[in-house]
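Novice: What the sequence shown shows, in mature numbering (1 follows the signal peptide of the UniProt record, and there is no 0), is residues -19 to -1, 1 to 583, in sequence order.
Just passing along the structure, written as structure tokens.
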Amino acid sequence: MKKLTVIVLCCMTCLFCFGQDNIDDALAFQYYQQGKYQEASILLEKLFSTTKNDAYFNLYASSLIKLKKYEEAEKVIKKLIRQSPQNLQYSMALARVYQEKGQTDAANKMYMETLNKLPADEFKIREVANQFYSFQAYDLAVSTFLQGRKVLNNNKMFTYELLTIYRFKKDKNMLVQEYVNALPEMPELLPQAESVLSTVFEDNADYQLLQTALLKKIQKDPQTEVYSKLLIWQYLQQQEYEMALRQLIAQDKRIKDDGAILFNAANTFLTNKAYLTAIKTFEYIISKGKENPYFLPAKVEMIDAQYQLVIAGQFDKKAIADLAVAYTSIIDEYGKTAQTVFALKKLSHLQAYYLNQPENAEKALETALAIPGISNTEIGEMKLELGDIYILNKQPWEAFLVYEQVAKQFENQSVGNEAHYRSAKLSFYQGNFTYAKSQADVLKASTSQLIANDALNLSLLISDNLQSAVDSNALKMYADAEMLQFRNLSAQALVKLDSIAIAYPNNSLPDDIMMAKSRIYIKNNDIGNAVKMLKELTETQTTSIWADDALFTLADLYEKSLKDIEQAKIQYQKLINDHPGSMFTTEARKRFRKLRGDNVGT
């Protein structure tokens, strides 16, 4: 409503501005804007009689209608029609009088006569449509533009105007049809179409409407690439990644692309955690042969997608072993260089956490650290990984030394803060709670919000659970469970967490235990148990330090894993309302608005 009102007022202002030097002119317009229609009508009648300008007439007639002086308005307008029967402004004004009087049939008859008399004049057609805008007759404005297309014998005229009205009315069917009809000759509209449709569409049925329209067009005109692009976008919006890939491959074969479009799409699949679809995409690119410019990048990214599957808990042991072989092959084929360090790092991670080969992982990272040409930051990050592996190899002192070395070298930098945090966590695992808390308290002022939040949670975890001997002993068991999970021993970690309440009833850790268990379930891709645990936490532990974290995680699972948009919105809204100061609130608000259909990019 606001957008169209602005359009109307702008039109009025432009038509009226010629008389701004005249006092009556300015005063009449002022009266009309202020709703003083009686005063406005007197001045406007005088101005119209003097100038015969339709800008004055439109406001004069509108003033009489606002005052409900229907008989006077009808008499004045009929006289003008007799004098100038070709002036469509007069017949439209009379039709509006009939409409306001409740004489709907008479009004519609005159409106139709107006449309049938439209001249082959683009300016006049827009003028009539703007008149319909002015009294919110949007369907008639649409009819005017459609009739104007017939009169001008040009089906591409008034596209932007029609799109604006359809969007305002949320007429999804006509909006889709207008875009689909316009895109072949106006492909530059594609980004706008994607943006507008994503804000107007509300459910799967809306996207199905678009899909049906596009498939019909593609069947008749398969060479129009813009249709395929919009269909691919539609599949991506619906997270139908396999269907998107099918269309992408068909498009690739049709236009004989070098693989660039598919490579970019594969990374979109990765971003949305559609790992299997991404792997198929990379495999297709690789099948183009070694001469293809995307052969090697696709091969590397495919292995990385397989790696992501591993750490998401979706690969079996054999697949993990095969992946380790793939990384080893890259290292053997291209040597141990700065360009292949990524393969050594990922290989060491697999060896350490999935193949039960922490000694080999340690050697792989030590080899990587000796390779020349690596940036200092990357060296710092690899040293942190090496420290973690020292813990797995039961060398906590070596791990502590490495963490402290990195912390000192990168003081007040993100890598250095991370080193401090890992040192604090190691102390926590070992039951040295006093030192761990002192480190965490320092990190609470970190410039990194994530590290600061993690440090705050660790500090509160320790301080909240050292109030009694029972709580202290329970906390030691909890620390043991965290160490087991750190070593990727999920089953043992869950058993340890469940045993805390048995060994120490009425301890102060139930919320911490629930959050820890939910993280284990998520890592193992056990979404059902993760949701169950998070719901229990959010419903029974409302004052917990994990309450906001749990709500955001739960909403994220509903949105991305379970595709339950309504539940996701409920959890995001609850987080926004109940925890306005949470570090998750800004992101929750952004996601909520997107799921609701707001255009968050504007």
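Even for Gly, the Cβ is constructed at its ideal location relative to N, Cα and C.
Using a Cβ-Cβ cutoff of less than 6 Å, which residues in the same chain neighbour Gln287 once the five nearest sequence positions on both sides are dropped?
Specialist: Along the sequence shown, read from residue 1 onward, the residue named residue 287 stands at position 306. If we look at Gln287 and ignore the five residues flanking it on each side, its Cβ neighbours are Leu304.
Novice: For Tyr485, I'd like the list of residues in its chain whose CB is within less than 7 Å of its CB, leaving aside the five on either flank, ordered along the chain.
Specialist: Position 504 of the sequence shown, counted from the first residue, corresponds to residue 485. Val451, Asn454 and Ala455.
Novice: Which word fits Trp527, buried or exposed, when buried means at least 16 other C-beta atoms lie within 10 angstroms of its C-beta?
Specialist: Taking the first residue of the sequence shown as position 1, residue 527 is located at position 546. Result: buried.
Novice: With H, G and I counted as helix, E and B as strand and the rest as coil, what does DSSP make of Trp378?
Specialist: Start at 1 with the first residue of the sequence shown, and residue 378 comes out as number 397. It is helical.
Novice: What is the rounded straight-line gap between the Cα of Asn438 and the Cα of His560?
Specialist: Position 457 of the sequence shown, counted from the start, is the residue given in the question as residue 438. Position 579 of the sequence shown, counted from the start, is the residue given in the question as residue 560. Distance between the alpha carbons of Asn438 and His560 is about 16 Å.
Novice: Quick check on DSSP: helix, strand or coil for Arg468?
Specialist: Numbered from 1 along the sequence shown, position 487 holds the residue referred to as residue 468. In the structure shown, Arg468 sits in coil (DSSP, three-state: anything other than H, G, I, E or B).
Novice: Could you tell me whether the segment 360 to 369 touches the segment 395 to 403, using the rule of 3 or more Cβ pairs below 8 Å?
Specialist: Contact holds: three or more Cβ-Cβ distances are below 8 Å.
Novice: Give me the Cα-Cα distance between Asp2 and Phe113, rounded to the nearest whole angstrom.
Specialist: Walking along the sequence shown from the start, residue 2 turns up at place 21. Walking along the sequence shown from the start, residue 113 turns up at place 132. Because Asp2 carries a pLDDT of 40, less than 50, the predicted location of this residue cannot be relied on, and the following value inherits that uncertainty. The straight-line gap from Cα to Cα measures roughly 29 Å.
Novice: Please state whether the Cβ-Cβ distance between Gln466 and Met495 is less than 9 Å.
Specialist: Translated into the one-based positions of the sequence shown, residue 466 becomes position 485. Translated into the one-based positions of the sequence shown, residue 495 becomes position 514. No. Outside cutoff.
Novice: Helix or strand or just coil, what does DSSP make of Gln1?
Specialist: Your numbering for residue 1 matches position 20 in the sequence shown. Legend: pLDDT at Gln1 = 42, less than 50; position of this residue unreliable, value from coordinates given subsequently. Coil, per DSSP.
Novice: Residue 643: which of Ser471, Ala472, Lys477 and Gln473 sits nearest, CA to CA?
Specialist: Past the edges of the chain, shown from -19 to 583, lies residue 643, and the structure says nothing about it.
Novice: If you follow the alpha helix (DSSP H) that Trp214 is part of, which residue opens it and which one closes it?
Specialist: The sequence position of residue 214 within the sequence shown is 233, counting from 1. Segment Glu206 to Gln218, the alpha helix (DSSP H) holding Trp214.
Novice: Beta-carbon within less than 6 Å of Arg572's beta-carbon, same chain only, minus the 5 sequence neighbours each way: which residues are those?
Specialist: Position 591 of the sequence shown, counted from the first residue, corresponds to residue 572. Correct list, in chain order: Tyr553.
Novice: Secondary structure at Ile370, three-state DSSP: helix, strand or coil?
Specialist: Counting from one through the sequence shown, the residue named residue 370 turns up at place 389. If DSSP states are grouped into helix, strand and coil, Ile370 belongs with the helices.
Novice: Can you tell which of Leu170, Asn488 and Gln473 has the C-alpha that lies nearest to the C-alpha of Lys498?
Specialist: The residue labelled residue 498 in the question sits at position 517 within the sequence shown. That would be Gln473, whose Cα lies nearest to the Cα of Lys498.
Novice: Please name the residue in Ile501, Ser65 and Leu556 whose C-alpha comes closest to that of Thr519.
Specialist: The residue you call residue 519 lines up with position 538 of the sequence shown. Cα-wise, what sits closest to Thr519 is Leu556.
Novice: Can you have a look at Trp214 and say buried or exposed, based on whether 16 or more other CB atoms are within 10 angstroms of its CB?
Specialist: Counting from 1 along the sequence shown, the entry for residue 214 is found at position 233. Under this definition Trp214 is a buried residue.
Novice: Can you tell me the Cβ-Cβ gap for Phe126 and Phe116, rounded? I've got them flagged as a contact below 8 Å.
Specialist: Translated into positions along the sequence shown, residue 126 becomes position 145. Translated into positions along the sequence shown, residue 116 becomes position 135. Incorrect: roughly 17 Å between the Cβ atoms, too far for contact.
Novice: Is it true that the CB of Ser471 sits closer than 9 Å to the CB of Asp504?
Specialist: Counting from 1 along the sequence shown, the entry for residue 504 is found at position 523. Counting from 1 along the sequence shown, the entry for residue 471 is found at position 490. Sequence check: residue 504 is Lys here, not Asp. Against a cut-off of 9 Å, the Cβ pair of Ser471 and Lys504 comes out as a contact.
Novice: Going along the chain, which residues of its own chain have a beta-carbon closer than 6 Å to the beta-carbon of residue 642, five neighbours each way excluded?
Specialist: Because the chain spans -19 through 583 in this model, residue 642 falls outside it and cannot be assessed.
Novice: Taking its Cβ as the centre, do 16 or more other Cβ atoms sit within 10 Å of Gly16, making it buried, or is it exposed?
Specialist: Start at 1 with the first residue of the sequence shown, and residue 16 comes out as number 35. Flag for Gly16 reads exposed.
Novice: In the DSSP assignment, find the unbroken alpha helix (DSSP H) run with Ser408 in it and report its ends.
Specialist: Position 427 of the sequence shown, counted from the first residue, corresponds to residue 408. Per DSSP, Ser408 belongs to the alpha helix (DSSP H) from Ser395 to Tyr410.
Novice: For the alpha helix (DSSP H) that contains His330, what are its first and last residues?
Specialist: Taking the sequence shown and counting its residues from 1, one reaches residue 330 at position 349. Start and end: Val322 to Tyr334.
Novice: Compute the beta-carbon to beta-carbon distance between Ile62 and Ala42, rounded to the nearest angstrom, for a pair I have assumed lies under 8 Å.
Specialist: For the purposes of this step, residue 62 is taken as residue 81 along the sequence shown, with counting starting at 1. For the purposes of this step, residue 42 is taken as residue 61 along the sequence shown, with counting starting at 1. Contact flag wrong, Cβ pair sits at about 12 Å.
Novice: Could you spell out where the alpha helix (DSSP H) holding Gly83 opens and where it closes?
Specialist: Position 102 of the sequence shown, counted from the first residue, corresponds to residue 83. First-last for Gly83: undefined, no H or E at that position.
Novice: Scan the segment 144 to 184 and note each continuous alpha helix (DSSP H) run of 4 residues or more that stays entirely inside, going in chain order.
Specialist: If we require 4 residues or more, the alpha helix (DSSP H) runs fully inside the segment 144 to 184 come out as 153 to 163 and 171 to 181.
Novice: Nearest to Glu183 by alpha carbon, out of Lys197, Ala163 and Lys153?
Specialist: What you label residue 183 is simply residue 202 of the sequence shown in a count that begins at 1. Out of Lys197, Ala163 and Lys153, Lys153 has the C-alpha closest to the C-alpha of Glu183.
Novice: Output the distance between the C-alpha atoms of Asp507 and Ser542, rounded to the nearest integer angstrom.
Specialist: Here residue 507 corresponds to residue number 526 of the sequence shown, with the count starting at 1. Here residue 542 corresponds to residue number 561 of the sequence shown, with the count starting at 1. Straight-line Cα distance between these residues: approximately 11 Å.
Novice: Taking the alpha carbon of Asn341 as the reference point, which residue from Phe29, Leu373 and Ser22 has its own alpha carbon closest?
Specialist: Locating residue 341 in the sequence shown gives position 360, where the first residue counts as 1. Closest by alpha carbon: Leu373.
Novice: Residue range of the alpha helix (DSSP H) that Gln548 falls in?
Specialist: Within the sequence shown, the letter at position 567 stands for residue 548. Segment Ile546 to Asp559, the alpha helix (DSSP H) holding Gln548.
Novice: Using the rule of at least 16 other Cβ atoms within 10 Å of the residue's Cβ for burial, across every protein chain shown, is Ser480 buried or exposed?
Specialist: Here residue 480 is taken as the residue at index 499 of the sequence shown, counted from 1. Exposed.
Novice: Please report the distance separating the alpha-carbon of Glu385 from that of Glu568.
Specialist: For this step, residue 385 is matched to residue 404 along the sequence shown. For this step, residue 568 is matched to residue 587 along the sequence shown. If I take the Cα positions, the gap works out to 33 Å.
Novice: If you draw a straight line from the alpha carbon of Asn393 to that of Asp537, how long is it in whole angstroms?
Specialist: To locate residue 393, count along the sequence shown from 1; it is residue 412. To locate residue 537, count along the sequence shown from 1; it is residue 556. The straight-line gap from Cα to Cα measures roughly 32 Å.
Novice: Are the Cβ atoms of Leu170 and Gln128 separated by less than 9 Å?
Specialist: Reading the sequence shown from its first residue, position 189 is the one you call residue 170. Reading the sequence shown from its first residue, position 147 is the one you call residue 128. No, the Cβ-Cβ distance between Leu170 and Gln128 is not below 9 Å.
Novice: Among Ala21, Phe391 and Phe414, which has the Cα closest to the Cα of Asp461?
Specialist: What you label residue 461 is simply residue 480 of the sequence shown in a count that begins at 1. It is Phe414.
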